[in-house]
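Quick note: the sequence shown uses the working numbering, first residue 1, plus one each step.
I have placed the structure first, in the form of structure tokens, so that the comments after it can refer back to it.
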Amino acid sequence: MNTILTKSIHKLLRHSPLTHGEFAVLLKNNSEKLRKVLAAAADETRRKYFGNRIFIRGLIEFTNYCHNNCFYCGIRCDNKNIKRYRLTHEDILSCCHQGYLSGFRTFVLQGGEDTFFTDEKMIDLVTDIRNRFPDCAITLSLGERSRNSYRKLFNAGADRYLLRHETADESHYGMLHPDSMSYKNRMNCLKELKAIGYQTGCGFMVGSPFQTTEMLAADLCFIQDFRPHMVGIGPFISHQNTPFSDRKNGTLEDTLLLISILRLMQPALLLPSTTALGTIAENGRELGILAGANVIMPNLSPASARKQYSLYDNKPCTGEETLQGLQSLDEHMKNIGFQITVDRGDFPEFT
Ligand code: 5AD
1 MNTILTKSIH KLLRHSPLTH GEFAVLLKNN SEKLRKVLAA AADETRRKYF
51 GNRIFIRGLI EFTNYCHNNC FYCGIRCDNK NIKRYRLTHE DILSCCHQGY
101 LSGFRTFVLQ GGEDTFFTDE KMIDLVTDIR NRFPDCAITL SLGERSRNSY
151 RKLFNAGADR YLLRHETADE SHYGMLHPDS MSYKNRMNCL KELKAIGYQT
201 GCGFMVGSPF QTTEMLAADL CFIQDFRPHM VGIGPFISHQ NTPFSDRKNG
251 TLEDTLLLIS ILRLMQPALL LPSTTALGTI AENGRELGIL AGANVIMPNL
301 SPASARKQYS LYDNKPCTGE ETLQGLQSLD EHMKNIGFQI TVDRGDFPEF
351 T
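Spelled out as structure tokens, the structure:
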């Protein structure tokens with residue numbers, strides 16, 4: 001083994017900060033052996049903070065309208081081939097209710113950037129969920145909004161916010177998004193969310209078009225500095241109605257290595273084993289957990305909506321993806337030595 005690689009592994013195992021070059025060396029030397037070493041260490045690290053507990057979040061994809069036109073995303077506004085939908089206030093509360101009965105204590109309201117959901121409407125919704133489910137965490141994932149809007153939603157009772165940064169390389173950001181979107185604004189949103197007091201999540205796609213190892217290393221450096229509470233990563237998966245329809249998907253191996261690296265960089269991180277990971281490999285979600293992830297986000301949306309929330313091709317919308325599949329998910333987690341818990345699953349500093 002070369003010496004920089006050995007040094008980088010040792011630093012990571014000690015949870016010491018790495019340089020851009022050291023992250024890049026780890027990523028360039030992705031092998032089964034390296035993944036095994038890092039996954040074993042990530043598993044041990046995770047157990048110190050969370051034992052064998054896996055947190056579940058009830059994902060409610062409440063609107064697939066989006067005014068953005070991201071080149072990779074199936075719900076981009078130029079895609080005229082999907083049926084657009086919005087769940088009503090009552091639909092959303094009913095999803096929460098059903099989720100609550102099944103043991104969910106976090107609801108994630110995720111949607112496209114839909115101007116129909118004004119601050120006023122979102123505040124009403126958050127206030128109602130907060131009052132009806134006082135022991136639950138509310139996570140929002142509504143894309144870019146103003147600082148004022150983020151603050152009002154926080155004051156209404158939202159606890160967490162997910163906004164993937166998508167890439168920490170400004171020129172790469174420009175290759176994935178139209179000119180109407182800006183890297184600076186996105187990064188600024190993340191800083192504001194954290195400053196307001198949200199448990200904040202960023203993240204990126206693995207293997208997105210034009211991504212290089214150097215860019216992935218920059219993502220890791222950004223995360224190391226920013227210290228988010230949550231990081232969502234999953235492989236890029238092409239969608240037929242986007243400009244990236246013929247691009248290669250990200251790989252299972254790269255995603256698993258990155259999950260282990262993230263766990264070792266930030267031992268207490270809330271790190272989902274994502275639907276996208278479960279889409280590119282049969283047992284992808286279990287492998288994600290074994291690599292160091294500790295969160296799973298089943299979908300609480302009604303079946304008709306799930307089908308239309310098509311971020312990428314073949315996004316699963318049945319089975320363990322759903323509330324009805326929770327028991328089978330639980331069994332699969334037990335089989336690999338983990339336990340789904342009824343718990344808000346906050347970042348340790350926030351409990
Ligand atoms: N493949 C994988 N992930 C995608 N996302 C959007 N489109 C795709 C795709 N084609 C991810 C983005 C976004 C999140 C909601 O879904 O990272 O932030």
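Virtual Cβ for every residue (Gly too), placed ideally from N, Cα, C.
Cβ separation of residue i and residue j, assumed to be a contact under 8 Å, to the nearest whole Å
i    : j    : result
F347 : Q199 : 5 Å
L329 : P298 : 7 Å
H89  : D124 : 7 Å
I60  : G112 : Not really, about 13 Å apart at Cβ, beyond 8 Å.
I54  : I296 : 6 Å
L258 : V206 : 6 Å
I92  : F154 : Not quite, the Cβ-Cβ distance comes to about 19 Å (not below 8 Å), so this is no contact.
G278 : G284 : 4 Å
L311 : C73  : 6 Å
H165 : F210 : Actually they are not in contact, since the Cβ atoms of H165 and F210 sit about 16 Å apart, beyond 8 Å.
N294 : F104 : In fact, because the Cβ distance is near 16 Å, the residues do not count as touching under 8 Å.
L13  : N29  : Rounded, the Cβ-Cβ distance is 15 Å, inconsistent with contact.
T167 : S208 : 7 Å
P228 : T255 : Contact flag wrong, Cβ pair sits at about 18 Å.
For residue i, the three-state DSSP class (helix, strand or coil)
i    : result
L59  : strand
I259 : helix
P235 : strand
V342 : coil
M122 : helix
G207 : coil
E22  : helix
G157 : coil
G111 : strand
T45  : helix
I54  : strand
T322 : strand
Assigned exposure category for residue i - 16 Cβ within 10 Å defines buried
i    : result
D114 : buried
Q339 : exposed
S245 : exposed
H10  : exposed
H97  : exposed
S8   : buried
G21  : exposed
V108 : buried
Restricting to runs no shorter than 4 residues, where is the alpha helix (DSSP H) found entirely within the stretch 65–108? Look at the stretch 65–108 and you find these whole runs of alpha helix (DSSP H), each 4 residues long or longer: 89–101.
Curious, which full-length alpha helix (DSSP H) runs of at least 4 residues does the stretch 264–308 contain? For the stretch 264–308, whole alpha helix (DSSP H) runs of length 4 or above, ordered along the chain, are 275–280, 284–291 and 303–308.
Below 6 Å from a heavy atom of the ligand 5AD - residues by beta-carbon: Listed by chain position, these are Y72, C73, R164, E166, M205, G234, F236, I237, H239, A276, L311 and Y312.
I'd like the ranges of any beta strand (DSSP E) spanning at least 3 consecutive residues and lying wholly in the stretch 137–203. Restricting attention to beta strand (DSSP E) runs no shorter than 3 residues, the stretch 137–203 encloses them at 137–141 and 160–162, ordered along the chain.
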